[in-house]
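Enquirer: Quick note: the sequence shown uses the numbering used here, first residue 82, plus one each step. Each residue gets a CB set at the ideal place from its N, CA and C atoms; glycine is no exception.
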Amino acid sequence: MQTAQSLAQICGLPRLEARMLLEHVLQKSREWLLAHDTDPITPEQAASFLTLAAQRRQGTPMAYLVGVREFMGHQFEVSPDVLIPRPETELLVELVLNSCLGLSHPRVLDLGTGSGAVAISVALARPDAMVVASDQSAAALTVAQRNAQAQRARVQFWQGNWYEALPSEGQFDVIVSNPPYIAVSDVHLTQGDLRFEPRQALTEDADGLSALRIISAGAAAHLVPGGFLWLEHGFEQGAEVAAMLETAGFQQVQTFPDLAGLPRATGGTLRNL
Ligand SMILES: C[S@@+](CC[C@H](N)C(=O)[O-])C[C@H]1O[C@@H](n2cnc3c(N)ncnc32)[C@H](O)[C@@H]1O
């Protein structure tokens, strides 16, 4: 007879990870598991747990195994079709929400929405906002749409290459993006969780700046004068991104640090011409 306790002992995972997988397989809370960890579990449940434990030992990110990740206090479905939302990206949401202060019915565009984490968090915090989100990946958009539906967030989704996805030259108050910004030569692409995430979410197979260049250069055509652009980037890319924004017609360009104190997001407001 197998129990949650006996499986946790033999699976070769740290206790916390074994517990998270058991909660997922048994569909029970942490409290239930603590009180029932010596109850017998079915052979099917044991087999599912051991399969997931083997995948975890091989490096599959926990979020893909349990299918969810928390972001801005909301639970987002994630699958290998989308980047796992990172805590540092919450900074982007805060910058967008600050930029929307004082605006009623702000119009916000999230380019490269992935799981929808940024767009949906903005829409939930500002139910009066008109939020539009795009991605090149149809599979990612399917996940994002399910997340929006599950959380009753009002977001319009479009598929395509950056601004080309938009049906017309909409005028937005804020554009935000966390685009792929890892250089193709960066060894991190072959390490850790990144090995399992969609390649097109991580790198554009170039120098790490090409998506940031396209988004910066195209922003003016899609923003109202005085509108904001906020971009997440690598911690060594702040100065280059700030220079791109100034060239693209932005002023009051500023870079903000993430929770680890690393330069992570740069933005500014579009000059009035
Ligand atoms: C770093 S992920 C960000 C996902 C999500 N916004 C987040 O912060 O968790 C970048 C996203 O950009 C999308 N993407 C990559 N190239 C694109 C392109 N040319 N046009 C539109 N989206 C693109 C990827 O599919 C991916 O979902």
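Between SER266 and ligand 1, is there a pair consisting of the residue's CB and a ligand heavy atom that are separated by less than 7 Å?
Expert: Position 185 of the sequence shown, counting from 1, holds the residue named residue 266. No - ligand 1 has no heavy atom lying nearer than 7 Å to the Cβ of SER266.
Enquirer: Bridge partners for ARG150 per DSSP, in chain order?
Expert: Counted from its first residue, the sequence shown places residue 150 at position 69. Secondary-structure assignment with DSSP links ARG150 through a beta bridge to PHE157.
Enquirer: Do three or more CB pairs link the region 224-231 to the region 248-264 at distances below 8 Å?
Expert: no
Enquirer: Are GLY183 and ASN259 close, meaning C-beta to C-beta below 8 Å?
Expert: Sequence index remark: in the sequence shown, residue 183 carries index 102 (1-based). Sequence index remark: in the sequence shown, residue 259 carries index 178 (1-based). The answer is no: Cβ separation not under 8 Å.
Enquirer: Residue range of the beta strand (DSSP E) that ILE256 falls in?
Expert: The residue labelled residue 256 in the question sits at position 175 within the sequence shown. ILE256 -> beta strand (DSSP E) spans 253-258.
Enquirer: Do PHE238 and SER202 have their C-beta atoms within less than 8 Å of each other?
Expert: Counting from 1 along the sequence shown, the entry for residue 238 is found at position 157. Counting from 1 along the sequence shown, the entry for residue 202 is found at position 121. Their beta carbons are not under 8 Å apart, which means PHE238 does not touch SER202 by this criterion.
Enquirer: Among the candidates LEU304, ILE296, VAL149, whose CA atom is the shortest distance from the CA of ALA198?
Expert: Here residue 198 refers to the residue found at position 117 when the sequence shown is read from its first residue. Here the closest residue by C-alpha is VAL149.
Enquirer: With which residues is GLY349 paired in a DSSP beta bridge?
Expert: One-based indexing of the sequence shown puts residue 349 at position 268. Beta-bridge pairing links GLY349 to LEU310.
Enquirer: Would you identify the three-state DSSP class for MET82, choosing helix, strand or coil?
Expert: Here residue 82 refers to the residue found at position 1 of the sequence shown. Note: MET82 maps to coil in three-state DSSP.
Enquirer: Rounding to the nearest angstrom, what Cα-Cα distance links GLY195 and MET82 in this structure?
Expert: Position 114 of the sequence shown, counted from the first residue, corresponds to residue 195. Position 1 of the sequence shown, counted from the first residue, corresponds to residue 82. The alpha-carbon atoms of GLY195 and MET82 are separated by roughly 42 Å.
Enquirer: Is ALA33 near ligand 1, judged by its Cβ being under 7 Å from some heavy atom?
Expert: The chain is shown from 82 up to 354; residue 33 falls before or after that span and cannot be answered.
Enquirer: So for LEU326, helix, strand or coil by DSSP?
Expert: The sequence position of residue 326 within the sequence shown is 245, counting from 1. Helix, per DSSP.
Enquirer: Quick check on the DSSP output: what are the complete alpha helix (DSSP H) runs of length 4 or more inside the region 193-231, in order along the chain?
Expert: 198-206, 219-231
Enquirer: Identify which residue in ILE263, THR284, PRO187, PHE277 has its Cα closest to the Cα of VAL236.
Expert: Taking the first residue of the sequence shown as position 1, residue 236 is located at position 155. Ranking the options by Cα distance to VAL236, first place goes to PRO187.
Enquirer: With hydrogens ignored, establish whether the beta-carbon of ASP216 is closer than 7 Å to any heavy atom of ligand 1.
Expert: Residue 216 sits at position 135 when you count from the first residue of the sequence shown. Answer for ASP216: yes, Cβ within range of ligand 1.
Enquirer: Less than 8 Å between the C-beta atoms of GLN332 and THR347, yes or no?
Expert: By 1-based counting over the sequence shown, the position of residue 332 is 251. By 1-based counting over the sequence shown, the position of residue 347 is 266. Contact flag unset, no.
Enquirer: Hey, ASP274 and PRO142 are a contact pair by Cβ (cut 8 Å); roughly how many whole angstroms apart?
Expert: Sequence index remark: in the sequence shown, residue 274 carries index 193 (1-based). Sequence index remark: in the sequence shown, residue 142 carries index 61 (1-based). Their Cβ separation, rounded to whole angstroms, is 4 Å, which keeps ASP274 and PRO142 in contact under 8 Å.
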